[in-house]
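Colleague: Submitted below is the structure of interest, expressed as structure tokens.
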Amino acid sequence: MKRSSDRTIKWLILLTPTVTIGLWEYTRHAFLLPYLSMELGNFLAPFIVLAVTLTLVLGLFRRLEQSQRALRRQQAATASLEERESLARELHDGIAQSLFLLAVKLDQLDRTAQDEAVKELSGQLRETVREVHDDVRQAIANLQQPPSPASDAWVVPLRELLGDTAGVLEAKAEFRWTIPESRLTGKEKVELHACLREALINVRKHARASRVYVVGESEEGGGFRCSVEDDGVGFDGDPMKAKERFGLKMIRDRAAKIGWTFSAERRGELTVVELRKAGADA
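Using the working numbering, read the sequence shown as starting at 109 and increasing by one per residue.
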């Protein structure tokens, strides 16, 4: 379906100037000839084609470029999934089977060994092999599933920091992230990571929360919304005017430099520190 749409756009790009000049010539000879000289009509023709090109054809080019980018992203995702499946097969056929064979050998050793120390060591080795085998099986299962935005390499430290923050506070943590990595530039990732990290540190130091959330959501037109939310004590007055509280000010300044909207406010039971990038259509 995508290729058929691309072909249609290409044909429209090729035919639009021809159809435009044909319609102009027909209109000129059928309706405008008594009012428009031949010389003036010939003079206007290229400008009319140019005007139509700038309005219609450039729009078609943008649609074609968007379609090609989407196709490249799809191809990259397909290649990544195939690579993950290949790695999963290698793990299953190699490491997983070797660990199973090692466990069988340890069982044989345990049955034939006379020394209690040897039996104890064999049992410890068997438990280690079992744990490694479980880890490998889980890794295989993860590789066989399509990758999600929340598993992107640059996002993992944010999820781990949320877990550390929740551990210090003995709080419930939830990480909801649906922003594809392709939506963000390298600079945006750096700035977003720094801002969310500072917001989580702020929660750890001041919030005394029992629930902490990190949310990243895509919005129309290439925009996104990211927030750190908690049910802690909230702000005492305007957080931007608090003395010796520089974290939120740093986040606000970073957001302003890159063109994002920043807000820090109480919404119901939650304190929400939010960053938002407007979409192209906004």
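Backbone N, C-alpha and C define an ideal beta-carbon position, used for all residues, glycine too.
Across the segment 201 to 211 and the segment 171 to 179, are there enough close Cβ pairs to call them in contact, namely three or more that are closer than 8 Å?
Modeller: Because the criterion of three Cβ pairs below 8 Å is not met, the segment 201 to 211 and the segment 171 to 179 do not touch.
Colleague: Under a three-way DSSP split, which group does Y321 fall into?
Modeller: In the sequence shown, counting from the first residue as 1, residue 321 sits at position 213. In the three-state reduction of the DSSP assignment, Y321 falls in the strand class, which pools E and B.
Colleague: Is the Cβ-Cβ distance between A315 and V341 less than 9 Å?
Modeller: Reading the sequence shown from its first residue, position 207 is the one you call residue 315. Reading the sequence shown from its first residue, position 233 is the one you call residue 341. Going by C-beta atoms, A315 is nearer than 9 Å to V341.
Colleague: Between which residues of its own chain and R362 is the CB-CB distance below 7 Å, once the five residues before and five after are set aside?
Modeller: Taking the first residue of the sequence shown as position 1, residue 362 is located at position 254. Only E299, A302, C303 meet the Cβ criterion.
Colleague: Is T220 helix, strand or coil when you go by DSSP?
Modeller: If you number the sequence shown from 1, residue 220 lands on position 112. DSSP places T220 in helix when its eight states are reduced to three.
Colleague: First and last residue of the alpha helix (DSSP H) that includes E382?
Modeller: Looking up residue 382 in the sequence shown gives position 274. No alpha helix (DSSP H) contains E382, which is instead part of the beta strand (DSSP E) from 378 to 385.
Colleague: Apart from the five residues on each side of it in sequence, which residues of its chain come closer than 7 Å, Cβ to Cβ, to G271?
Modeller: In the sequence shown, residue 271 corresponds to position 163, counting from 1. For G271, where only same-chain residues beyond five positions count, the Cβ hits under 7 Å are A281.
Colleague: Just to check my reading of the structure: D242 and L172 have Cβ atoms closer than 8 Å, yes? What is that Cβ distance to the nearest angstrom?
Modeller: Locating residue 242 in the sequence shown gives position 134, where the first residue counts as 1. Locating residue 172 in the sequence shown gives position 64, where the first residue counts as 1. At roughly 49 Å, the Cβ-Cβ gap does not stay under 8 Å, so D242 and L172 are not in contact.
Colleague: Counting pairs of Cβ atoms below 8 Å between the segment 273 to 280 and the segment 229 to 245, do you hit three or more?
Modeller: Cβ pair count under 8 Å is below three, so no.
Colleague: Could you compute how far the alpha carbon of R136 sits from the alpha carbon of T128?
Modeller: On the sequence shown, residue 136 is found 28 positions in, with the first residue counted as 1. On the sequence shown, residue 128 is found 20 positions in, with the first residue counted as 1. Going by the C-alpha atoms only, they are around 12 Å apart.
Colleague: Any C-beta of chain C sitting closer than 9 Å to the C-beta of L270?
Modeller: Given the protein chain composition of this structure (a single chain), no chain C is represented.
Colleague: Rounded to whole angstroms, what's the CA-CA distance from F370 to F155? Just pull it up for me.
Modeller: Taking the first residue of the sequence shown as 1, we reach residue 370 at position 262. Taking the first residue of the sequence shown as 1, we reach residue 155 at position 47. Near 46 Å, if we compare the C-alpha coordinates of F155 and F370.
Colleague: Could you check how far apart the C-beta atoms of D338 and A372 are, in whole angstroms? I think they sit under 8 Å.
Modeller: The count along the sequence shown starts at 1 and reaches residue 338 at position 230. The count along the sequence shown starts at 1 and reaches residue 372 at position 264. Contact doesn't hold; Cβ gap of about 12 Å is too wide.
Colleague: What is the rounded straight-line gap between the Cα of K313 and the Cα of V165?
Modeller: Residue mapping note: residue 313 aligns to position 205 of the sequence shown, counting from 1. Residue mapping note: residue 165 aligns to position 57 of the sequence shown, counting from 1. Near 56 Å, if we compare the C-alpha coordinates of V165 and K313.
Colleague: Using three-state DSSP, classify A281 as helix, strand or coil.
Modeller: Residue mapping note: residue 281 aligns to position 173 of the sequence shown, counting from 1. Reduced to three states, the DSSP call for A281 is strand.
Colleague: Going by beta-carbon coordinates alone, are E325 and I366 separated by less than 9 Å?
Modeller: For this step, residue 325 is matched to residue 217 along the sequence shown. For this step, residue 366 is matched to residue 258 along the sequence shown. Cβ distance not < 9 Å, so E325 and I366 don't count as in contact.
Colleague: Mapping DSSP to helix, strand and coil, what is K372?
Modeller: The residue labelled residue 372 in the question sits at position 264 within the sequence shown. Here residue 372 turns out to be Ala, not Lys, going by the sequence shown. Secondary structure of A372 (DSSP, three-state): strand.
Colleague: Between which two residues does the alpha helix (DSSP H) harbouring D361 extend?
Modeller: As a working note, residue 361 is residue 253 in the sequence shown. Segment 355 to 366, the alpha helix (DSSP H) holding D361.
Colleague: Just list the alpha helix (DSSP H) runs in the segment 120 to 173, keeping only unbroken ones of 4 residues or longer that don't cross its boundaries, in chain order.
Modeller: 146 to 160
Colleague: Taking 9 Å as the threshold (C-beta atoms), are L269 and C334 in contact?
Modeller: Position 226 of the sequence shown, counting from 1, holds the residue named residue 334. Position 161 of the sequence shown, counting from 1, holds the residue named residue 269. In this structure, L269 does not lie closer than 9 Å to C334 by Cβ.
Colleague: Considering just the uninterrupted stretch of the beta strand (DSSP E) at E306, what are its terminal residues?
Modeller: Taking the first residue of the sequence shown as position 1, residue 306 is located at position 198. Boundaries around E306 are those of the alpha helix (DSSP H), 294 to 310, since no beta strand (DSSP E) includes it.
Colleague: Can you tell me whether V341 is helix, strand or coil according to DSSP?
Modeller: Position 233 of the sequence shown holds residue 341. In the structure shown, V341 sits in coil (DSSP, three-state: anything other than H, G, I, E or B).
Colleague: To the nearest angstrom, report how far apart A364 and I203 are at their CA atoms.
Modeller: As a position in the sequence shown, residue 364 is number 256, starting the count at 1. As a position in the sequence shown, residue 203 is number 95, starting the count at 1. Cα to Cα, A364 sits roughly 50 Å from I203.
Colleague: Taking only the alpha-carbon atoms, compute the straight-line gap between S230 and D215 and give it to the nearest angstrom.
Modeller: Numbered from its first residue, the sequence shown carries residue 230 at position 122. Numbered from its first residue, the sequence shown carries residue 215 at position 107. Looking at the two C-alpha atoms, the distance is approximately 8 Å.
Colleague: Given that a residue counts as buried once 16 or more other Cβ atoms are within 10 Å of its Cβ, and exposed if not, what is W285?
Modeller: For the purposes of this step, residue 285 is identified with residue 177 of the sequence shown, where counting begins at 1. Under this definition W285 is a buried residue.
Colleague: Going by beta carbon distance, what residues of the same chain come within less than 6 Å of R267, once the five residues before and after it are set aside?
Modeller: To locate residue 267, count along the sequence shown from 1; it is residue 159. Cβ within range, chain order: F283.
Colleague: So, for E327: in the same chain, excluding its five sequence neighbours on each side, which residues have a beta-carbon less than 7 Å away from its beta-carbon?
Modeller: Residue numbering aside, residue 327 sits at position 219 when the sequence shown is read from its first letter. The residues are R333, G387.
Colleague: Just grab the DSSP bridge partners of S335 for me.
Modeller: For the purposes of this step, residue 335 is identified with residue 227 of the sequence shown, where counting begins at 1. S335 pairs with V323, E382.
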